[in-house]
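One structure below.
Residue numbers (the working numbering): 461 to 1196.
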């Protein structure tokens, strides 16, 4: 039943002072139809009184050697575009009651010229300097337009002024900065007290959170900086708490409501397999196997994320789990993201199963390969094997999702490179068996904050050491001018058995990106620098059978060098490939570069990853956020690419690389329903709020452990809020 307060808050914004029907339509276009909507339309930033000075005091600070940032409020008295030769800049003269100051811009001149108009008041923030004429000057400052009333009020009372995003629909409805602030102030003053709390009082007390009403008021119009910080913390915590609640519900439902299978070691199948391996498992692999085995012995279905860096031996661990399932009379599925990787998995596993059959003669483990691009006869045979339960292990791609694919007794599903498959796809595959155990594998390490949120319903196992014979790959950054020397290095190393990958971003010439093309350079290198070597070409437009043929020729050492696009990114295993040259390395993302580097160094010899770029940019550590904010998009991308390349040179640890990648890229759409069923974050940051994520996760899981159905009186507020505001996400809580 809807309360009286909720009815009032559900009224149209048109009933607020200064709105009316026409402005209400403008608000409705951006999703602000009700008074409640407007109360939760929070500022994107605030102008604080900290370091606010008059022009004369700011000047005095500079004379005395001040080097920090400060804010001055003034009125525009003049503006001018200045040209000297080819250079052009813009200068704005401003003043307050104590004196003058100026602002200059060297980029975006036309835009800034249109923004600064005589008579307007602005709060200008930045690092000032003194010109040779003794003028106080801000170069490319941050700024906010305020009204004359706000200017006086701000200086006299020390207010913190909120700033709201102003979409074009509001502007077209004749709503500007000042009028929006006034309208929202009317909403806050008249209606914020009618908001009903969305967190239990015990939780608020335990985590020292400010109440909902107080938080809304202080987010919009803070009484102090401390109260603003408390409001921001409260909304970050609440957002993450409900997200983690969805995670906890998903995990609880999977573990408690679904009946799984119990697997034990029944015969000598697994011990015999360990005997035929040509290497010893690492301590980390054995530890992860122990975790998986305990899960498989339980009647609750396993739902585990297996992380490990490139080449750490995840596939062997997965294969042992598949043999445990086979030992219990169940089928196991290994799903790969590409046909070429699925095909390679099948070949490698088949070789090991042949060796196993020589020592374990009581039963032969059968393998079937199912790919979308198979010949019809081969595909029909694979489908028949699945249905007849002739195959113990089935390896495939997305073809395993097809309706026609039937499993007689599916007990274990392993998804390789799991980030390439969405929640709904995983659910379809799982539905083909009686709640099979699930292992999702990722060679792209997942930062801790992501593993607690997007993958928080999965138990996590990490293989954190490489096999004993592995040496870290040496990574070197070079400019294009060094390519002749690099080709000579490849030639010299080929004489001692080294094979090399040369990677290009595209297959064909693209005028837009001006990138080298693999086909063009294949011919140039074949007839030029590398004419004395055997060279192959592999690209994404080939069929998987053609790719497989090229890889087998490379494996058989028919090629010294394989020129390829990023089709080799995932999973290709060539033991003697110990050099990878990545052209236009600045065009690649960090995780992609890390994956490509993982294609070499699979034997015991020293391997090399050579990153080639047009120049060798040095990302200056002195850049601060203000500087980056005013970089043009092209300069900002060059700065980020420089950090990516230097990170690759400095680190071989995939988790450190993943953390840097997350900071550079931002989280993106990680909570989109396609991948996870989670709401997008509005307040919290996956990159910056690790401590709040940890705190919110503990609180959410503690609540679900104590009251999984949210039936207790203390959980009433949580249950109500989940149903009212997260109903679309709740259905995903049933999918693992």
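We put the CB at the ideal spot given by N, CA and C, even for glycine.
Since we're looking at a predicted model, the values are computed, not measured.
Three-state class that DSSP yields for residue i in the structure shown
i: residue 661; result: helix
i: residue 1195; result: The pLDDT assigned to residue 1195 is 43, lower than 50, so where the model puts this residue is not dependable; a value taken from the coordinates is nonetheless given after this. Reduced to three states, the DSSP call for residue 1195 is coil.
i: residue 819; result: helix
i: residue 1060; result: coil
i: residue 1038; result: strand
i: residue 462; result: coil
i: residue 899; result: strand
i: residue 1187; result: helix
i: residue 987; result: helix
i: residue 534; result: strand
i: residue 956; result: coil
i: residue 875; result: strand
i: residue 1111; result: coil
i: residue 950; result: helix
i: residue 487; result: helix
i: residue 1134; result: The pLDDT assigned to residue 1134 is 45, lower than 50, so where the model puts this residue is not dependable; a value taken from the coordinates is nonetheless given after this. It is coil, neither helix nor strand.
i: residue 559; result: strand
i: residue 605; result: strand
i: residue 728; result: coil
i: residue 682; result: coil
i: residue 859; result: helix
i: residue 669; result: coil
Residues near residue i by beta carbon distance below 7 Å, same chain, minus five either side
i: residue 607; result: 581 and 638
i: residue 749; result: 777 and 780
i: residue 972; result: For residue 972, the predicted model reports a pLDDT of 44, less than 50, meaning its position is unreliable; a value from the coordinates is still stated below. Hits under 7 Å: none found.
i: residue 672; result: 655, 657 and 658
i: residue 1078; result: In this prediction, residue 1078 has a pLDDT of 47, which is less than 50 and means its spatial position is unreliable; what the coordinates show is noted afterwards. Cβ neighbours of residue 1078 beyond the five flanking positions: 1102.
i: residue 698; result: 658 and 659
i: residue 652; result: 499, 673, 676 and 677
i: residue 850; result: 826
i: residue 552; result: 536, 539, 562, 563 and 576
N- and C-terminal bounds of the beta strand (DSSP E) containing residue i
i: residue 1013; result: Not the beta strand (DSSP E): residue 1013 falls in the alpha helix (DSSP H), residues 1004-1015.
i: residue 1115; result: Not the beta strand (DSSP E): residue 1115 falls in the alpha helix (DSSP H), residues 1114-1125.
i: residue 547; result: 547-556
i: residue 998; result: 995-998
i: residue 1024; result: 1021-1024
i: residue 581; result: 581-586
i: residue 639; result: It is not in any beta strand (DSSP E) - residue 639 instead sits in the alpha helix (DSSP H) that spans 637-651.
i: residue 599; result: 596-599
i: residue 1073; result: 1068-1073
i: residue 934; result: 934-939
i: residue 830; result: 827-830
Within 7 Å, strictly: CB atoms of residue i and residue j
i: residue 1028; j: residue 1069; result: no
i: residue 904; j: residue 1051; result: yes
i: residue 587; j: residue 529; result: yes
i: residue 870; j: residue 791; result: yes
i: residue 1143; j: residue 576; result: no
i: residue 596; j: residue 518; result: yes
i: residue 800; j: residue 1004; result: yes
i: residue 927; j: residue 1112; result: no
i: residue 989; j: residue 958; result: no
i: residue 917; j: residue 1100; result: no
i: residue 419; j: residue 723; result: Residue 419 is absent from the model: the chain starts at 461 and stops at 1196.
i: residue 1159; j: residue 701; result: yes
i: residue 906; j: residue 816; result: no
Own chain, CB closer than 6 Å to residue i, minus 5 neighbours either side, in chain order
i: residue 716; result: none
i: residue 924; result: 744
i: residue 1023; result: 962, 978, 982 and 997
i: residue 1084; result: For residue 1084, the predicted model reports a pLDDT of 37, less than 50, meaning its position is unreliable; a value from the coordinates is still stated below. Around residue 1084: no qualifying Cβ.
i: residue 502; result: 679
i: residue 855; result: 794, 802, 805, 806 and 829
i: residue 798; result: none
i: residue 687; result: 678
i: residue 646; result: 476 and 477
Unbroken alpha helix (DSSP H) run spanning residue i, endpoints
i: residue 1047; result: Here residue 1047 belongs to no alpha helix (DSSP H), and DSSP marks it neither H nor E.
i: residue 911; result: 908-913
i: residue 518; result: 515-523
i: residue 710; result: 685-716
i: residue 498; result: 495-499
Sequence-distant residues of the same chain with beta carbon closer than 8 Å to residue i, five excluded per side
i: residue 954; result: 960, 993, 1020 and 1021
i: residue 475; result: 495
Heavy atom of the ligand PLP within 6 Å of residue i beta-carbon
i: residue 1067; result: Looking at this structure, you won't find the ligand PLP or any other ligand, since it has none at all.
* Continuous beta strand (DSSP E) assignments of at least 3 residues falling wholly in the region 739-820 -> Listed in chain order, the beta strand (DSSP E) runs fully inside the region 739-820 are 763-768 and 791-795, counting runs of at least 3 residues.
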